[in-house]
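For the first sequence, this note's numbering assigns the number 452 to the initial residue and increments by one for each residue that follows. Idealized CB from N, CA, C, for every residue including glycine. Source: prediction; values computed, not measured.
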Amino acid sequence: MRNLEVAKILYEIADLLELKGVEFKPYAYRRAAQTVESLSKDIEDVYKEGKLEDLPGIGKNIAQKIAEYIETGKIKSYEGLKKKMPFDFESLLSVGGLGPKKVSILYKKLRVKNLNDLEKAAKLGKIRKLAGFGEKTEKDILENIGIAKMRNERMLLGIALPIAEEIEQRLKELKEVRKVVTAGSLRRRKETIGDLDILITSSNPTKVMEYFTTMPDVKDIIAKGPTKASVRLKNGLQIDARVVKDSEFGSALLYFTGSKEHNIALRKVAISKKLKLSEYGLFKNNKQIAGKTEEDVYKKLGMPYIEPEMRENLGEMELALKHALPKIIGYNDILGDLHMHTNWSGNPNNIEDMALHAKHFGYKYICITDHTKSLAIEHGLNEKQIEKQAKEIKKVDKKLDGIKILHGAEVNINADGILDIRNETLKNLDIVIAGIHSGFKGNATERIVKAMENRNVDIISHPTGRLIQYRKGYDIDLQKLFDKAKETGTILEINSQPKRLDLNDINARAAIEHGCRLVINTDAHSTEQLNNMRLGIAVARRAWAKKKDVINTNSLDKMLKRLK
DNA sequence: GCCGTTTTCGGCCCGACTGTTTTCAGTCG
C-alpha cells in the first residue's frame, strides 16, 4: 500500500505552494492528502477502478497527479516545485514558531537553507535585525531548533493516557477547579498523541493558569494568558490548557477535542444553517443558542451526539445528519480476554494470577495462550508441555469461581505457512491463535492464508505485525487476508499492546466492512498488561466496530460458537 | 484546486497569543 507515500507528497505540495504564497491551493492539497491518508482501501486499487475523483477533496487535477505517481513513480510538477525550492523546507518548517512567511524571509535575507544555517544565523545575532523578527524570536528559534532536531515522535497512547490522568487528578484537587477534561487526540484515543489539551472550568482562571504553569515537572512555559497557556514538561510532552466558562464548556470541548477536520465540517454545517460555531458556542445573530454541552451543540445542528473516537470527518457527519450513526462498542462490553501469557513461557505471573486479575474487570472467561516451541526466546511450549499445561489449567479452573479458564496457544506460523505444533495437539485446545513472529521479509500473505485454512486455527494474532514508530509490518495483501478470513471464519485480532494496536483503526474498519469478525485481546505478558484492553477497545471504536463485530463481547457459550 | 439545500463562480473555519508592533501579521491549534 502506497497511500502514505502519496499523502506525504500531497502534503509537501501544499507546503511548497504555501511557501510560494499561493492562496487556497494548499488547503485543497491538504484536504486531498487527508483523504488518502485515512483511506482504508489501497489507493492503487481506487485508481485502477477509475474512481479517484469520487474521493472527497480529489478532483481532476489531483487525481491526475496521483495517477501519474502510480504509473511512473513521479509527479513532474511536484519535482519541478521541489527543484525550484532552494532550501530544506521540511525541516525549517518543523521549527516551532517558523511558518512559511518567516522561513521565506530567512532565506531571502540571510540565505538560510537548513537547520545548520538557521542555527548559525541565530547564534551570530543576525536574525534579530530582520524586520518582523526580534531578540525573543531569535532566542526561541535557537531553542526550538534543538527540539526539532531531537523531537521524539508522537507519544504512544498507552503512555500518554496515564500521564494525562495524573495531571487531571492534580488539577481536580484544586478548590478553584470545577471540571477538568483532557480533550484533543487523547480523547479521540488516537494511537499516538502529539500533545495534551486540557480543558478546565473554574471560579478563578488566573489562579488555575498560575498553578498549571508552575507544576513541578514543567520545564518551559510556551505561552501564558489569562485563559490559555502551554507548557512543556521535562519528559518533552507539551500540554495546552484552557479555562472556559460553564456556559461554553460543551462548545469548547468540541473545539478542543477535534479533530480539526471534524470541527471544520461542523462549522460548515453551522454556516449552512446561518449559524456560527466557535469554541464559545453556537451563535445565531451573535446570540449563543448552544454551548453548555456537546449534546446541545450537536442537537441544534440537527444531529445526535458523536462519540469522540468517531470524530475524524470520515463519514460520521453525513450519517449523523441522517440520524444513522452506528452504535459502537462500549468500554464495558468485553466479557473475556482470549490472548495472554504466563510463567509457562517465561513470564512473571502464573495461571491463577492472570485469572484472578482478569476477574476484577468483570470478565466471565479468559484463555491462556502461551507461545509455542519455535519461539525459543519466549520459552515456547512443545506438544508435551501443552498437554501438561492442560491439566494444570483444569486444576486452577476448578479452584476458581466466577471465571472460566480456557486453554489455548499462540502458535507460530513458520516460513512455509506450517504451524509449529501438530494438529493432534491443536485440536484438543479450546482456542488456537496463530501468528507470525519471525521471518518478516517472506510472503506473509501466503503464510497467513495457509494458516487460516487449517481448521484448528481460530484467530490470527496481530495480523500486520507492525510496531508503532518502529517497524512497518509485513508486506501483506489485506484484501486477500480479509477474503480468506471471511471464507474460513477465522477471527482477526485487535491486539491491545500499546506498541501494536494491530489491526489498527483504519484496517479494522476495512475488515468489518469486508464482513470479518474481530476479537480484542491484550496479549498480556503480565497481570499489569491486562489493563491494556481499553486501548484495543479504543481502536475498535475508532473503527466503528459494533458489539456484534467483536466475538469476546459474547457470553462464553455464544463466543465458543463463533469459533471454527 | 475543489466544490455546491448561498451550485458552475466565488468562496474556502475561527480565534488566541506572541512579538514586534503603534494597529497587526504570523503562527498555532
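One or two residues paired with THR820 in a DSSP bridge
Locating residue 820 in the first sequence gives position 369, counting from the first residue. The partner list for THR820 (beta bridge, DSSP) reads GLY859.
Pairwise C-alpha distance: LYS577 and LYS560:
Here residue 560 refers to the residue found at position 109 of the first sequence. Here residue 577 refers to the residue found at position 126 of the first sequence. Cα-Cα distance, rounded: 10 angstroms.
Buried or exposed for TYR782, please, with buried defined as at least 16 other CB atoms from any protein chain shown within 10 angstroms of its CB.
Stepping through the first sequence from its first residue, residue 782 is reached at position 331. Flag for TYR782 reads exposed.
What residue ranges within the stretch 766 to 842 form continuous alpha helix (DSSP H) runs of no fewer than 4 residues, ordered along the chain?
767 to 772, 802 to 811
Under 8 angstroms between C-beta atoms of ILE945 and ASP1000
In the first sequence, the residue the question calls residue 945 occupies position 494. In the first sequence, the residue the question calls residue 1000 occupies position 549. In this structure, ASP1000 does not lie closer than 8 angstroms to ILE945 by Cβ.
Do you know offhand how far LEU688's Cα is from ILE592's?
In the first sequence, counting from the first residue as 1, residue 688 sits at position 237. In the first sequence, counting from the first residue as 1, residue 592 sits at position 141. Straight-line Cα distance between these residues: approximately 19 angstroms.
How is ASN424 classed by DSSP in three states: helix, strand or coil?
The structure shown does not extend to residue 424, since the chain spans only 452 to 1015, so no value can be given for it.
Using the C-alpha atoms, what's the distance from PRO537 back to LEU470?
For this step, residue 470 is matched to residue 19 along the first sequence. For this step, residue 537 is matched to residue 86 along the first sequence. Approximately 11 angstroms between the Cα atoms of the pair.
Count the other CB atoms, across all protein chains shown, that sit within 10 Å of the CB of THR823; report buried if there are 16 or more and exposed otherwise.
Within the first sequence, the letter at position 372 stands for residue 823. When all chains shown are included, THR823 counts as buried.
Candidates GLY916, LEU932, PHE933, LYS931: which alpha carbon is nearest TYR925's?
Counting from 1 along the first sequence, the entry for residue 925 is found at position 474. When only C-alpha atoms are compared, the closest one is GLY916.
Could you tell me how far apart the beta carbons of LEU851 and ALA809 are, in whole angstroms, since I believe they sit closer than 8 angstroms?
Within the first sequence, the letter at position 400 stands for residue 851. Within the first sequence, the letter at position 358 stands for residue 809. Going by Cβ atoms, the distance from LEU851 to ALA809 rounds to 10 angstroms, so no, they are not a contact pair.
Mind checking who SER528 pairs with in its DSSP beta bridge?
Within the first sequence, the letter at position 77 stands for residue 528. Beta-bridge pairing links SER528 to no other residue.
Given a cut-off of 8 angstroms on the beta-carbon distance, is the pair HIS976 and ASN764 in contact?
The sequence position of residue 976 within the first sequence is 525, counting from 1. The sequence position of residue 764 within the first sequence is 313, counting from 1. It is not a contact, given that the beta carbons lie outside the stated cut-off.
Shortest alpha-carbon distance to GLU769 belongs to which of GLY732, PRO759, LEU717?
As a position in the first sequence, residue 769 is number 318, starting the count at 1. If we check each option's Cα against that of GLU769, LEU717 comes out closest.
Using 8 angstroms as the threshold, is the C-beta distance between ALA479 and GLY524 below it?
The residue given as residue 479 occupies position 28 in the first sequence. The residue given as residue 524 occupies position 73 in the first sequence. Cβ distance not < 8 angstroms, so ALA479 and GLY524 don't count as in contact.
Where the alpha helix (DSSP H) containing ALA959 begins and where it ends
Translated into the one-based positions of the first sequence, residue 959 becomes position 508. First-last of the alpha helix (DSSP H) with ALA959: 956 to 964.
Quick check on this structure: which residue in ASN955, SER912, ALA895, ARG985 has the alpha carbon closest to the alpha carbon of LYS931?
To locate residue 931, count along the first sequence from 1; it is residue 480. For the residues ASN955, SER912, ALA895, ARG985, the minimum Cα distance to LYS931 belongs to ALA895.
For LEU986, which residues of its own chain have a beta-carbon under 7 angstroms away from its beta-carbon, when the five flanking residues on both sides are left out?
The count along the first sequence starts at 1 and reaches residue 986 at position 535. LEU608, GLY609, SER947, PRO949, LEU952, listed in sequence order.
Cβ of ASN512 within 8 angstroms of Cβ of LEU786?
Against the first sequence, residue 512 aligns to sequence position 61. Against the first sequence, residue 786 aligns to sequence position 335. No, the pair does not count as a contact, with Cβ atoms beyond the cut-off.
At the level of alpha carbons, what is the spacing between ASP788 and LEU1011?
Mapped onto the first sequence, residue 788 falls at position 337. Mapped onto the first sequence, residue 1011 falls at position 560. So the alpha carbons of these two residues sit roughly 13 angstroms apart.
Does DSSP put PHE700 in a helix, in a strand, or in coil?
In the first sequence, the residue the question calls residue 700 occupies position 249. Three-state DSSP puts PHE700 in a helix.
Use the C-beta contact count for SER636: other C-beta atoms within 10 angstroms, 16 or more gives buried, fewer gives exposed.
As a first step, residue 636 must be located in the first sequence, where it is residue number 185. When all chains shown are included, SER636 counts as buried.
Start-to-end residues for the beta strand (DSSP E) that takes in PHE734:
The count along the first sequence starts at 1 and reaches residue 734 at position 283. From DSSP, the beta strand (DSSP E) with PHE734 extends over 732 to 735.
Can you confirm whether the stretch 736 to 747 touches the stretch 616 to 630 when touching is taken to mean that 3 or more C-beta pairs between the two stretches lie within less than 8 angstroms?
The stretch 616 to 630 and the stretch 736 to 747 do not touch, with fewer than 3 CB-CB distances between them shorter than 8 angstroms.
PHE663: which of LYS696, GLU624, THR643 sits nearest, CA to CA?
Working through the first sequence from its first residue, we reach residue 663 at position 212. Looking only at LYS696, GLU624, THR643, the smallest Cα-Cα distance to PHE663 is reached by GLU624.
Identify which residue in LEU752, ILE464, CYS967 has its Cα closest to the Cα of ILE911.
Counted from its first residue, the first sequence places residue 911 at position 460. Taking only the C-alpha atoms, the option nearest ILE911 is CYS967.
Going by other Cβ atoms of all chains shown within 10 Å of its Cβ, with 16 needed for buried, is HIS774 buried or exposed?
Counting from 1 along the first sequence, the entry for residue 774 is found at position 323. Label assigned to HIS774: exposed.
Where the alpha helix (DSSP H) containing ASN567 begins and where it ends
One-based indexing of the first sequence puts residue 567 at position 116. Segment 566 to 574, the alpha helix (DSSP H) holding ASN567.
Could you give the DSSP three-state label for SER710: helix, strand or coil?
Position 259 of the first sequence, counting from 1, holds the residue named residue 710. Correct three-state label for SER710: coil.
Per-residue DSSP class, three states only, for ASP539:
Translated into positions along the first sequence, residue 539 becomes position 88. In the three-state scheme derived from DSSP, where H, G and I count as helix and E and B as strand, ASP539 is classed as coil.
So, do the stretch 659 to 678 and the stretch 790 to 797 have three or more beta carbon pairs nearer to each other than 8 angstroms?
no
For GLY531, count neighbouring Cβ atoms within 10 angstroms of its own Cβ and tell me buried if that reaches 16, exposed if not.
As a first step, residue 531 must be located in the first sequence, where it is residue number 80. That one is exposed.
To the nearest angstrom, how far is it from the Cα of GLU746 to the Cα of VAL659?
Taking the first residue of the first sequence as 1, we reach residue 746 at position 295. Taking the first residue of the first sequence as 1, we reach residue 659 at position 208. Straight-line Cα distance between these residues: approximately 27 angstroms.
Run of the beta strand (DSSP E) containing THR652, from where it starts to where it stops
In the first sequence, the residue the question calls residue 652 occupies position 201. THR652 -> beta strand (DSSP E) spans 646 to 653.
Quick one: is THR941 buried, meaning 16 or more other Cβ sit within 10 Å of its Cβ, or exposed?
Indexing the first sequence from 1 puts residue 941 at position 490. Around the beta carbon of THR941, a 10 Å sphere encloses 16 or more other beta carbons of the protein chains shown; the residue is thus reported as buried.
Rounded to the nearest angstrom, what separates HIS830 and ASP974 at their Cα positions?
Counting from one through the first sequence, the residue named residue 830 turns up at place 379. Counting from one through the first sequence, the residue named residue 974 turns up at place 523. Rounded to whole angstroms, HIS830 to ASP974 spans 16 angstroms at the Cα level.
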